[in-house]
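Under this note's numbering, the letters of the sequence shown match residues 109 to 480, in that order. The beta-carbon is built from N, C-alpha and C at its ideal position, and this holds for glycine as well.
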Amino acid sequence: MCKTASPRKWMIRRHRTDPQERMNGFTRRQCWDYCRRCIRHGVNRGARGRMGQQSHKVQRTHPADAGWRSQHQGARIMVRLSHRGICVSDIAVSERFYREALGFEPYQDHGIIEGPDMSRTMEIPDVRLRAVMLKRPDGPVIELLQFLNPPATGAREKRSTLQYGLVHISFYVDDIDSWATRITEAGGTVYEETRAYFAGNTTTLLYCTDPDGVRVELMNAPGEAERFSHSGICVDDIEVAVSYYEALGFVPAENYVLDEGYDWLGVINEVPGIKLRAQMVRDPEGNTIELLKVFEPASFGSRERQPLNRFGLTHLAFWDDDPTATAAMLTDRGGYFVEEAHVKTPAIELMHGADPNGVRIELMRLPSSVGS
Ligand SMILES: [Fe+2]
Ligand SMILES: [Fe+2]
109 MCKTASPRKW MIRRHRTDPQ ERMNGFTRRQ CWDYCRRCIR HGVNRGARGR
159 MGQQSHKVQR THPADAGWRS QHQGARIMVR LSHRGICVSD IAVSERFYRE
209 ALGFEPYQDH GIIEGPDMSR TMEIPDVRLR AVMLKRPDGP VIELLQFLNP
259 PATGAREKRS TLQYGLVHIS FYVDDIDSWA TRITEAGGTV YEETRAYFAG
309 NTTTLLYCTD PDGVRVELMN APGEAERFSH SGICVDDIEV AVSYYEALGF
359 VPAENYVLDE GYDWLGVINE VPGIKLRAQM VRDPEGNTIE LLKVFEPASF
409 GSRERQPLNR FGLTHLAFWD DDPTATAAML TDRGGYFVEE AHVKTPAIEL
459 MHGADPNGVR IELMRLPSSV GS
């Protein structure tokens, strides 16, 4: 069962007290036999993740993995990620940054948003805001929201990796120095002290921030084409989070267990000795979310949903043909939705809630079809 760096180590941990314990319908013997086979025969491409020698990729054909998925086969598929929302202080400044530094392009300009329906679904009385959507050529969409009334609140500072909720967005880049230069010139900040080099995978990492303190992770790795990589979420329980995002069309992908206090991991996160697990989940369109469980030191922060007018990454939005059914499923998996924020207009149906770690989730349905 490819849950950690070492199948044996995982089994010792999980089966110490009950050797007959079955995980997802598979016994210890079955898991161990499978992992030995995939390592020996290279089925798992060397059985190493990109970020750590100790990590081990979960292979989709792994029998235990398949069993885990079938356990959740009730998941619906007519839901898909629309955008990642960011609350900004100045939409012109942020638009310039995301276009010039990170390669986004104009997509949709929603102008001024206001009115009782918007106030209700956003849970902000008398709300008035500017909204612009940008899209990268490789697909990802971001929504920049500048609140005019009431003004946004919160710190416009680099968020800690240890804080629950959305923590960063990440890119694979061909030339990390030219990206860093562009980020600086476009109004962002580069934190040279976070530059880390992981020799095992010849990967260089560097953290930057956008003009409002949103962490932007740059990664350069041989063989990885330049592209948007993922959004990162600091979670309390990875299995709960995986189950939640599976209901939104994601499936488990790479699994990196970095629990030995690597120097490079401490440098990039500015937390010496940090130990964590990063479980990637991916949807059919290639959108990837990194679920980060920090073992040491302890994570902190609220796991309640934060206001939409709080600076930084605020929400993930999904198109959905049946948001009420999805909301029920997500509620069963550790999230919740707010009935008062459920709005149906002739143009759109909107639901707002949160995942198990306080990330705001927005479900959107167009009356006659699924949106774009
Ligand atoms: Fe949104
Ligand atoms: Fe990341």
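Residues of its chain near residue i, where Cβ-Cβ distance is below 6 Å and the 5 sequence neighbours each way are ignored
i: threonine 396; result: His338, Met388, Arg390
i: glutamate 398; result: His338, Gly340, Ala386, Met388
i: alanine 304; result: Leu313, Trp372, Val375, Ile376
i: valine 281; result: Trp287, Leu326, Asn328, Glu334
i: glutamate 222; result: Arg236
i: aspartate 428; result: Val187, Thr434, Leu471, Arg473
i: serine 278; result: Glu325, Ser337, His338
Residues near residue i by beta carbon distance below 7 Å, same chain, minus five either side
i: threonine 302; result: Leu314, Tyr315, Val375, Ile376, Glu378
i: proline 431; result: Glu457, Met459, Leu471, Arg473
i: lysine 401; result: Val343, Ile346, Leu384, Arg385
i: arginine 323; result: Lys266, Arg267, Val275, His276, Tyr315, Thr317
Exposure label - residue i; buried when at least 16 CB within 10 Å
i: glutamate 265; result: exposed
i: asparagine 257; result: exposed
i: serine 286; result: exposed
i: isoleucine 220; result: exposed
i: alanine 307; result: exposed
i: asparagine 200; result: Here residue 200 turns out to be alanine, not asparagine, going by the sequence shown. By the neighbour-count rule (16 or more Cβ atoms within 10 Å), alanine 200 is not buried but exposed.
i: histidine 218; result: exposed
i: proline 464; result: buried
i: proline 319; result: buried
i: aspartate 420; result: A quick correction: the sequence has glycine, not aspartate, at residue 420. Glycine 420 is buried by the Cβ-count criterion.
i: glycine 331; result: exposed
i: glutamate 448; result: exposed
i: alanine 406; result: exposed
i: threonine 310; result: exposed
i: alanine 97; result: Since the first and last residues shown for the chain are 109 and 480, residue 97 lies out of range.
i: aspartate 234; result: exposed
Three-state secondary structure (DSSP) of residue i
i: aspartate 430; result: coil
i: leucine 474; result: coil
i: glutamine 179; result: A caution first: glutamine 179 carries a pLDDT of 36, below 50, which makes its placement in the model too unreliable to give a value.
i: glutamate 347; result: helix
i: alanine 425; result: strand
i: tyrosine 352; result: helix
i: arginine 267; result: coil
i: leucine 189; result: strand
i: tyrosine 206; result: helix
i: glutamate 374; result: First, the amino acid is wrong: residue 374 is glycine here, not glutamate. Glycine 374 falls in the helix class under three-state DSSP.
i: arginine 62; result: There is simply no residue 62 to check, as the chain begins at 109 and stops at 480 in what is shown.
i: aspartate 234; result: coil
i: aspartate 225; result: helix
i: glycine 331; result: coil
i: arginine 418; result: strand
i: alanine 294; result: coil
i: glutamate 447; result: helix
i: serine 407; result: coil
i: asparagine 363; result: strand
i: aspartate 285; result: helix
i: threonine 453; result: coil
i: aspartate 198; result: coil
i: aspartate 217; result: strand
i: asparagine 309; result: helix
i: alanine 435; result: helix
Own chain, CB closer than 8 Å to residue i, minus 5 neighbours either side, in chain order
i: valine 249; result: Ser190, His191, Arg192, Tyr215, Met241, Leu242, Lys243
i: valine 467; result: Gly273, Leu274, Ile341, Arg413, His423, Leu424
i: proline 454; result: Pro475
i: arginine 418; result: Cys195, Ala260, Thr261, Gly262
i: tyrosine 206; result: Phe212, Leu242, Ile250, Leu252, Asp318
Quick one: residues with CB closer than 6 Å to any heavy atom of ligand 3, in chain order, please.
-> Among the ligands present in this structure, namely ligand 1 and ligand 2, ligand 3 is not found.
Please determine if the stretch 407 to 414 and the stretch 426 to 442 are in contact, where contact requires at least 3 C-beta pairs separated by less than 8 Å.
-> Result no; under three Cβ-Cβ pairs closer than 8 Å.
Taking 8 Å as the threshold, find out whether the stretch 281 to 293 comes into contact with the stretch 354 to 374 through three or more Cβ pairs.
-> no
Neighbouring residues (CB closer than 7 Å to any heavy atom of ligand 1) | His191, Gly193, Glu251, His423, Ala425, Glu470
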